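So the protein sequences, as listed, match chains A and B. Going letter by letter, the first sequence gives residues 1 to 141 in our numbering. Going letter by letter, the second sequence gives residues 1001 to 1197 in our numbering.
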Amino acid sequence: MFRAALRLSVSGARSLTRSRPQYTASVAARSYSHGKQETDEEFDARWVTYFNKPDIDAWELRKGMNTLIGYDLVPEPKILEAALRACRRLNDLASAIRILEAVKDKSGPHKEIYPYVLQELQPTLNELGIPTPEELGIDEA
Amino acid sequence: MCHIPRGRARRQLLVDKLGPSYLKMLASRALVQGLQTGFWRRVSTSSAAWAAHTHDIDVVDCSVPQYNNRLDTPLPDVPFVRNLSAEQKKLKEKEKGSWTQLTKEEKLALYRLTHELSFAEMRQGSKEWMTVLGGIFFFLGFTGLLVWWQRVYVYGDVPPTLSEESIAQQTQRMIDMRVNPVHGFSHKWDYEKKQWK
């Protein structure tokens, strides 16, 4: 995921994917000085599994998404893809669009993250028929 | 704003909590309060019931999940529009099919059913600060007018000791007294030449 977003340089897409921080940051809510620390891959896998639950319900989707947005990171495209597919299973297009908006908002000043995420998600967006906020015109107030 | 029992519901609550003997004591007070707070409303009707009756949307039930527009909570607890019209229900049914079949307007409509404000709308500021600043300056100016009027029409004359000659006499006396002769006032006076240094 896009940890240590502050360290992202502007020098191209390569640095965007998993710029390794010097420390292995644990899940944002806890910083252990001891004990097993979760790696980025484990974090991603855990969240992908969460959203991939076939009979996920609406509450779990909302809870998962709101929690994920609460972390100090921008979720990886694969987590977002799982979340969008969960929206599809729940027949909730509005939430899918909201998730995209939230990702853009979460990137803050790092304007290069959102286009990258959209680029990675494009096949899923096309397959499921999810419009981007820009297509709907809600990206500007 | 949460539901606060008024009128009969409030009296019932008081009876339940305090017992019937208190009711008589408080009944007149509650009556007066009911009359005061429910100025144009019937005293015997609780405000929530009355509001529901007159479709007053200001009453919000805080005991159930509410909709909110928050940047940190992208998916709110309940959709914005709860009571769907027939047309909206049809759209919701269509949502269960493939989303590629939906037109752009339908997708936008679905978004607006669930969300009141988009992220961009949440983030946009307003021009209210200009009004506030203007108001501040206006009232500062008005205060200045008041202060000027007060200075001219309320204050009397300054004491005679602030006239030119009085101050000259005072200065001469201070020199004669050798006020602050080392570093201060009289130090700056040249006693030989009888002038300021």
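C-beta: ideal position from N, C-alpha, C; glycine also. Note that this is a predicted model, so its numbers are computed, not measured.
Backbone CA spacing between residue i and residue j [nearest angstrom]
i         : j         : result
B:VAL1154 : B:TRP1196 : 39 Å
A:ILE99   : B:GLY1135 : 40 Å
B:PHE1185 : B:PRO1159 : 24 Å
B:LYS1107 : B:VAL1059 : 31 Å
B:SER1166 : B:LYS1194 : 19 Å
B:ALA1168 : B:ARG1178 : 15 Å
A:ASP57   : A:GLY108  : 30 Å
B:ALA1086 : B:GLU1093 : 11 Å
A:ILE113  : A:GLN122  : 14 Å
CB contact check: residue i to chain B, cutoff 8 Å
i        : result
A:ASP40  : no
A:SER95  : yes
A:LEU84  : no
A:ASN91  : yes
A:ASN52  : no
A:ILE69  : yes
A:ASP57  : no
A:GLY108 : no
A:GLU101 : yes
A:GLU140 : yes
A:LEU136 : yes
Expected contact under 8 Å - CB spacing of residue i and residue j to nearest Å
i         : j         : result
A:ILE130  : A:LEU84   : 6 Å
A:LEU90   : A:LEU61   : 6 Å
B:GLN1088 : B:ASP1077 : The Cβ separation is near 20 Å, so there is no contact.
Given residue i as reference, the closest of the options once Cα atoms are compared
i         : options                                       : result
A:PRO54   : A:THR132, A:CYS87 and A:ARG62                 : A:CYS87
B:GLU1105 : B:LEU1091, B:GLN1169, B:TRP1129 and B:LYS1096 : B:LEU1091
A:PRO77   : A:TYR71, A:PRO133 and A:PRO115                : A:PRO115
B:GLN1172 : B:VAL1182, B:LYS1188, B:HIS1183 and B:ASP1157 : B:LYS1188
A:HIS110  : A:ASN91, A:MET65, A:LEU73 and A:THR67         : A:LEU73
A:TRP59   : B:ASN1069, B:THR1073 and B:MET1177            : B:THR1073
B:GLN1124 : A:ASP105, A:PHE51 and A:LEU128                : A:ASP105
A:THR67   : A:GLU127, A:PRO123 and A:VAL103               : A:VAL103
Below-8 Å beta-carbon distance, residue i vs any chain A residue
i         : result
B:GLN1124 : yes
B:GLU1103 : The question names Glu, but residue 1103 of chain B is Thr in the sequence shown. No - not a single Cβ of chain A is within 8 Å of the one on B:THR1103.
B:GLU1128 : no
B:ASP1061 : no
B:SER995  : With chain B running from 1001 to 1197 in the structure shown, residue 995 of chain B is simply not present.
B:SER1085 : no
B:GLY1107 : One detail in the question is off: residue 1107 of chain B reads as Lys in this sequence, not Gly. Yes, its Cβ sits closer than 8 Å to a Cβ of chain A.
Beta-carbon proximity list for residue i, same chain, < 8 Å, skipping 5 on both sides
i         : result
A:GLU101  : PRO133, ILE138 and ASP139
B:GLU1201 : Residue 1201 of chain B is absent from the model: chain B starts at 1001 and stops at 1197.
B:LEU1071 : PHE1119, MET1122 and ARG1123
Neighbourhood of residue i by C-beta, 7 Å cutoff - its chain only, sequence neighbours within 5 removed
i        : result
A:VAL48  : LYS78, ILE79 and ALA82
A:GLU153 : Look at the range of chain A in this structure, 1 to 141, and you will see that residue 153 of chain A is not part of it.
A:THR24  : Annotation note: pLDDT 39 at A:THR24 (below 50); position unreliable, no value reported.
A:ASP44  : MET1, GLU76, LYS78 and ILE79
A:ILE69  : ALA102 and LYS106
A:LEU128 : LEU84 and ARG88
Contact set for residue i: own chain, Cβ-Cβ below 6 Å, skip 5 residues either direction
i         : result
B:LEU1117 : ASN1069
Any non-hydrogen atom of the ligand SAH closer than 7 Å to residue i Cβ
i       : result
A:GLU81 : The model depicted lacks the ligand SAH and carries no ligand whatsoever.
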